[in-house]
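Chains as they are written, first to last, in the numbering used here: chain A, 2 to 111; chain B, 2 to 111. Quick notes on the structure that follows.
Protein chains: 2
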Amino acid sequence: MTDQPSQAAPAVSLAGFQQLIRDMYLEKDVARGVDGTFMWLMEEVGELAGALRNGTHEDRLGEFADVLAWLATIANVAGVDLSEAVTRKYGAGCPGCGQYVCRCADAEKP
Amino acid sequence: MTDQPSQAAPAVSLAGFQQLIRDMYLEKDVARGVDGTFMWLMEEVGELAGALRNGTHEDRLGEFADVLAWLATIANVAGVDLSEAVTRKYGAGCPGCGQYVCRCADAEKP
Numbered sequence: 002m003t004d005q006p007s008q009a010a011p012a013v014s015l016a017g018f019q020q021l022i023r024d025m026y027l028e029k030d031v032a033r034g035v036d037g038t039f040m041w042l043m044e045e046v047g048e049l050a051g052a053l054r055n056g057t058h059e060d061r062l063g064e065f066a067d068v069l070a071w072l073a074t075i076a077n078v079a080g081v082d083l084s085e086a087v088t089r090k091y092g093a094g095c096p097g098c099g100q101y102v103c104r105c106a107d108a109e110k111p
Numbered sequence: 002m003t004d005q006p007s008q009a010a011p012a013v014s015l016a017g018f019q020q021l022i023r024d025m026y027l028e029k030d031v032a033r034g035v036d037g038t039f040m041w042l043m044e045e046v047g048e049l050a051g052a053l054r055n056g057t058h059e060d061r062l063g064e065f066a067d068v069l070a071w072l073a074t075i076a077n078v079a080g081v082d083l084s085e086a087v088t089r090k091y092g093a094g095c096p097g098c099g100q101y102v103c104r105c106a107d108a109e110k111p
């Protein structure tokens, strides 16, 4: 994503989203640091819980977006590449059983 | 992402990751429901906090991936498209000021 209005429903890459959030907020995010940022993530996680319980589909879209944005923010401050993170952990199948359709016993991921 | 071993560092789309998690876990996820799944997200959020405080870079990669995976799981159960969510909320700039580099007053996003 660049400094342009978004086209209709472009494919959003995880790296592109993390970069968008970096461009938008990094200066403030670094000043606040990981600890201060984590509390904002928690606030948004609480709002997501509320939207899942009582919100509309539109509310849920907004709250999922906010949780992802704060997660990207923390990753930016901590120097973690979210795309690398998910590729390493899930790119070769379930981390438990190694299958692309999980066959772990229920105790593994209930 | 399809049912193949991952190539070296492919671009991960948010939709592709959500689909990967859907293919891997949806049957268990739907059986557990949103409420039960939310507690697993919280557990992973706690592990992320621990990794940010005391973990290695490798630990952090793993915990960010797990939080994203559980978030994708809840989105799958709730019928929310994460890619649509972030595009709607952040695709046209900061939701507060509409700029691609946020110019909100600090009180808006401290």
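Cβ atoms here follow ideal geometry from the backbone N, Cα and C, with glycine treated the same way. Predicted model only: the values in this text are computed from it and were never measured.
Quick check on the burial criterion: 16 or more other C-beta atoms within 10 angstroms. Buried or exposed for Gly92/A?
buried
According to the Cβ coordinates, are Arg61/B and Ala16/A closer than 8 angstroms?
no
Roughly how many angstroms separate the alpha carbons of Cys98/A and Thr57/B, rounded to a whole number?
24 angstroms
So Ala66/B packs on Val87/A, CB below 8 angstroms; how close in whole Å?
Right, their Cβ atoms sit about 5 angstroms apart.
Beta-carbon separation of Ser14/A and Ala73/B under 8 angstroms?
The answer is no: Cβ separation not under 8 angstroms.
Cα-Cα separation between Val102/B and Met43/B, rounded to whole angstroms
31 angstroms
For Glu45/A, does the count of other Cβ atoms within 10 angstroms reach 16, so buried, or fall short, so exposed?
buried
Can you name, in chain order, every residue of its own chain whose Cβ lies under 7 angstroms from the Cβ of Gln100/A, other than the five neighbours on each side?
When the five nearest sequence neighbours on each side are left out, the beta carbons in the same chain lying within less than 7 angstroms of the beta carbon of Gln100/A are those of Gly94, in order along the chain.
Rounded Cβ spacing between Ile75/A and Phe18/A (contact assumed at less than 8 angstroms):
Wrong, their Cβ atoms sit about 14 angstroms apart, outside the cutoff.
Give the residues from the region 82-97 of chain B that approach chain A closer than 7 angstroms (Cβ to any Cβ), ordered along the chain.
Leu83, Ser84, Glu85, Ala86, Val87, Thr88, Arg89, Lys90, Tyr91, Gly92, Ala93 and Cys95
Where does the unbroken alpha helix (DSSP H) through Asp60/B begin, and where does it stop?
His58 to Ala79
Is any beta-carbon of chain B found at less than 8 angstroms from that of Val13/A?
For Val13/A, the closest Cβ of chain B is nearer than 8 angstroms.
Determine whether the beta carbon atoms of Lys29/B and Gly63/A lie at a separation below 8 angstroms.
no
Ile22/B to Ala106/B, Cα distance in whole Å?
Put simply, the backbone Cα of Ile22/B is about 38 angstroms away from that of Ala106/B.
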